[in-house]
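Chemist: Handing you this structure, nothing more for now.
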Amino acid sequence: MFRNPGVGFRSGLNKQNARNSSLCTQDILKAKREGREQSGAEQRARGLTVAYRILAYYSSVRAYWRRERPSTIKMALSLFTAISLAVIYRVTVNFTQLPYSPELRRPGSPQFLHTNNQIARSVEHLLKGIPGEHKASVLNYRYHPVIGTLVTLDVYSNVSSTAIKRTIERAVRGGHIGRFAVSNEGFQFHVVKGDCQSHCF
Numbered sequence: 001m002f003r004n005p006g007v008g009f010r011s012g013l014n015k016q017n018a019r020n021s022s023l024c025t026q027d028i029l030k031a032k033r034e035g036r037e038q039s040g041a042e043q044r045a046r047g048l049t050v051a052y053r054i055l056a057y058y059s060s061v062r063a064y065w066r067r068e069r070p071s072t073i074k075m076a077l078s079l080f081t082a083i084s085l086a087v088i089y090r091v092t093v094n095f096t097q098l099p100y101s102p103e104l105r106r107p108g109s110p111q112f113l114h115t116n117n118q119i120a121r122s123v124e125h126l127l128k129g130i131p132g133e134h135k136a137s138v139l140n141y142r143y144h145p146v147i148g149t150l151v152t153l154d155v156y157s158n159v160s161s162t163a164i165k166r167t168i169e170r171a172v173r174g175g176h177i178g179r180f181a182v183s184n185e186g187f188q189f190h191v192v193k194g195d196c197q198s199h200c201f
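Counting in the UniProt record's numbering, the sequence shown runs without a single skipped number right up to 201 at its last residue.
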């Protein structure tokens with residue numbers, strides 16, 4: 001039986017082309033898989049790098065604040081607590097022998113700060129027998145041509161107590177707060193923040 005050699009040749013060529021096409025397709029798929037795997041690995045690597053950088057940044061920030069700013073954080077928390085919870089009493093007292101000078105009108109001047117410290121300590125010492133914590137701070141000085149120097153100060157307390165007013169009034173009637181001579185002329189006592197319903201006792 002006679003076979004056409006061209007037919008066999010074309011058949012073999014077609015099979016070879018099919019094998020080549022199959023191999024080419026496999027190579028392409030393999031290359032795509034490798035590309036996807038490589039791309040996924042690169043993305044994971046980039047993601048880990050970014051995550052590590054973020055973690056390192058926040059760790060450094062937290063370490064900085066712990067190392068450099070503990071007093072700032074503590075002071076901010078203490079100030080927030082004081083503002084939120086304090087009972088504030090505003091007191092005006094006539095310090096009869098306190099010389100009034102332009103320095104007392106300038107907050108931050110050496111005389112202003114020195115006098116503030118002395119008066120605040122005297123008031124705090126006066127209140128030390130009353131339960132709770134009490135801090136005093138001078139707000140301003142005013143000169144009255146008849147009665148002398150008037151000092152307005154705030155007393156911060158973590159308790160609401162009428163004993164604070166009684167104690168200060170008793171000292172004013174007695175004529176002294178610490179080493180300072182005082183008078184009841186011009187004396188005022190107000191509650192500016194607290195549980196009391198009345199603004200002034």
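Note that beta-carbon positions come from the ideal geometry of N, C-alpha and C, so glycine has one too. Just so we're clear, the structure is a prediction, and the values are computed from it rather than from any experiment.
Can you tell me which of PRO145, VAL159, ILE164 and THR162 puts its alpha carbon nearest to the alpha carbon of PHE95?
Modeler: Nearest option by C-alpha distance: PRO145.
Chemist: Using the three-state DSSP reduction, which class does GLU103 fall into: helix, strand or coil?
Modeler: GLU103 falls in the helix class under three-state DSSP.
Chemist: Please classify ALA163: is it buried, with 16 or more other beta-carbons within 10 angstroms of its beta-carbon, or exposed?
Modeler: The residue in question, ALA163, is exposed, as its Cβ has fewer than 16 Cβ neighbours within 10 Å.
Chemist: For GLU93 and VAL151, which I take to be in contact (beta-carbon distance under 8 Å), what is that distance rounded to the nearest angstrom?
Modeler: Reading the sequence as shown, one finds Val at residue 93 and not Glu. About 5 Å; that satisfies the 8 Å criterion.
Chemist: Once DSSP output is grouped into helix, strand and coil, what is the label at ARG179?
Modeler: Three-state DSSP puts ARG179 in coil, outside helix and strand.
Chemist: Report the three-state DSSP secondary structure of TYR143 (helix, strand or coil).
Modeler: Three-state DSSP puts TYR143 in a strand.
Chemist: Closer than 7 Å by C-beta to VAL138: which residues in its own chain qualify, once you throw out the five before and the five after it? Chain order, please.
Modeler: Once the five neighbours on either side are set aside, the close Cβ partners of VAL138 are ASN116, ILE119, ALA120, VAL151 and LEU153.
Chemist: Just curious, the alpha helix (DSSP H) that VAL93 is in, first and last residue?
Modeler: From DSSP, VAL93 is part of no alpha helix (DSSP H) but of the beta strand (DSSP E) over 87–95.
Chemist: Taking DSSP's pairing of strands, which residues face GLN188 in a bridge?
Modeler: In the DSSP output, where bridge partners are listed per residue, GLN188 has THR92.
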